[in-house]
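Data first, discussion second: the structure below is written as structure tokens.
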Amino acid sequence: MNDVIEKYLAHLTHERRLAALTLKHYRRDLVLLQDLLAEDNARIAHKRELCALQQTDIRRFAAQLHSRGLGPKSIARVLSGWRGFYKFLCRDTGAANPVDGVRAPKAAKRLPETLSPDEAIRLVSFDAQTPDDIRDRAVFELLYSSGLRVSELVGLDLASIDFSTAEARVLGKGNKTRIVPIGKHAIAALTHWLATRAPIIINPAPEHRDAFFVNKLGKRLSVRTVQMQIKAWATQQGITVDTHPHMLRHSFASHVLQSSGDLRAVQEMLGHASIASTQVYTHLDFQHLAKVYDLAHPRAKIKSK
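The following block contains the structure:
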């Protein structure tokens with residue numbers, strides 16, 4: 019191995035006293051740098067040392083790693099190791115660190131997970147018997163009906179719901195207020211819950227008196243409780259995916275967009291400041307259309323032999 023690398027690893031071992039596993043990772047990343055340089059030297063028939071590399075070389079090496087299938091996070095970790103190495107080399111010379119300014123390629127954005135329409139309906143339409151069940155169904159119906167964030171939902175007060183217009187006044191991110199429509203099934207579930215809620219509230223604390231959704235103690239419902247109840251009911255309803263409150267928000271947006279195609283309306287209902295945040299659901303919509311095409315179009319079907 020290169021003497022300069024060995025000197026750096028000795029520095030990490032004896033001066034910085036890094037753990038053995040961390041040292042192993044640094045060694046691996048620096049051997050990779052050495053191998054990339056050797057390949058580059060062989061290609062250009064010119065021998066260069068590690069200390070002579072420029073930012074353009076490091077950028078090219080990062081691109082080569084990406085083309086070989088290394089993921090953005092792994093490349094970012096490798097670059098971090100190289101950056102520390104060159105910082106060590108440059109500490110006495112004052113030379114520029116060739117890794118500074120070189121970034122790993124951006125990771126592809128993960129599309130939000132959604133429930134199918136059948137799964138969403140199954141989750142929100144269970145038979146509610148106990149007060150907690152009635153409350154949970156109202157919570158789920160409202161999340162799916164209006165695409166609320168769970169923090170917005172638990173923050174609702176009695177005055178937030180206008181049953182005459184079937185609308186909710188929601189306080190969203192940045193203390194911005196928006197009005198969202200509520201579907202008829204959600205209105206029915208909320209009405210049922212409101213009738214059930216009244217006997218629960220006995221001498222509540224002032225900060226909980228106006229809360230729309232409360233627990234058995236009359237306190238405002240917590241985000242954690244909603245998360246736990248959704249997981250429990252999803253399991254009970256035979257939904258196998260890891261279900262959480264935000265999945266109902268994603269499902270609401272995807273299903274409304276599939277039916278209406280009105281991206282601006284979905285943006286307003288979700289409370290997104292930028293249309294770019296809402297456009298991710300167009301990709302989900304396209305995936306849905308692609309599946310329909312593959313199943314239905316005669317030229318997309320694979321003929322059985």
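Under our numbering, the first residue of the sequence shown is numbered 19, with each subsequent residue one higher.
Glycine residues also receive a C-beta, built at the ideal position from the N, C-alpha and C atoms.
C-alpha gap between residue i and residue j, whole angstroms
i	j	result
L30	L36	6 Å
D175	Q285	24 Å
L27	E67	18 Å
L15	I76	This structure does not reach residue 15, given that the chain is present from 19 up to 323, and the question cannot be answered.
P224	V120	55 Å
S163	W211	16 Å
V198	T214	24 Å
T40	T148	54 Å
T111	K91	31 Å
R196	Q255	32 Å
V168	R242	9 Å
G89	L54	17 Å
A206	L239	20 Å
D151	N233	11 Å
K25	Y44	13 Å
H226	F106	58 Å
R78	A70	15 Å
P378	A250	Limits of the chain in this structure are 19 at one end and 323 at the other, which puts residue 378 out of reach.
R140	V274	17 Å
D228	A216	11 Å
C108	S85	29 Å
A204	P135	16 Å
A113	T74	15 Å
N20	A63	19 Å
A283	F181	21 Å
Sub-8 Å separation of residue i and residue j beta-carbons
i	j	result
I219	G192	no
I257	E137	yes
F336	V188	Because the chain spans 19 through 323 in this model, residue 336 falls outside it and cannot be assessed.
R267	G165	yes
V22	L50	no
K194	G289	yes
L83	S269	no
Contact belief for residue i with residue j at Cβ below 8 Å, rounded distance in angstroms
i	j	result
A94	A122	4 Å
P116	Q72	5 Å
A186	I200	6 Å
H261	A252	Inspection of the sequence shows that residue 261 is occupied by Thr rather than by His. The Cβ separation is near 4 Å, so the contact holds.
S179	L208	Note that residue 179 is Ile in the sequence shown, not Ser. Sure, about 6 Å apart at Cβ, within 8 Å.
E131	M265	6 Å
Q247	D154	5 Å
V244	V157	6 Å
Closer than 8 Å to chain C by CB, residue i
i	result
K91	Of the protein chains in the structure, only one exists, and it is not chain C.
**Message:** Would the region 57-67 count as touching the region 102-116 if we require 3 or more Cβ pairs under 8 Å?
**Reply:** Contact fails: fewer than three Cβ-Cβ distances are below 8 Å.
**Request:** Tell me the start and end of each unbroken alpha helix (DSSP H) in the region 31-66 that is at least 4 residues and wholly inside, in chain order.
**Result:** Counting only runs that start and end inside the region 31-66, the alpha helix (DSSP H) elements of at least 4 residues fall at 38-62.
**Asked** In the region 142-179, which residue ranges form an unbroken alpha helix (DSSP H) of at least 4 residues, counting only runs that do not cross its ends?
**Response** With a minimum length of 4 residues, the continuous alpha helix (DSSP H) runs that stay inside the region 142-179 are 149-164, 168-172.
**Item:** Entirely enclosed alpha helix (DSSP H) segments - the region 229-285, minimum 4 residues
**Value:** Whole alpha helix (DSSP H) segments, 4+ residues: 241-254, 263-278.
**Asked** Along the chain, which unbroken stretches of the alpha helix (DSSP H) at least 4 residues long are found entirely within the region 55-125?
**Response** 73-85, 90-108, all fully within the region 55-125.
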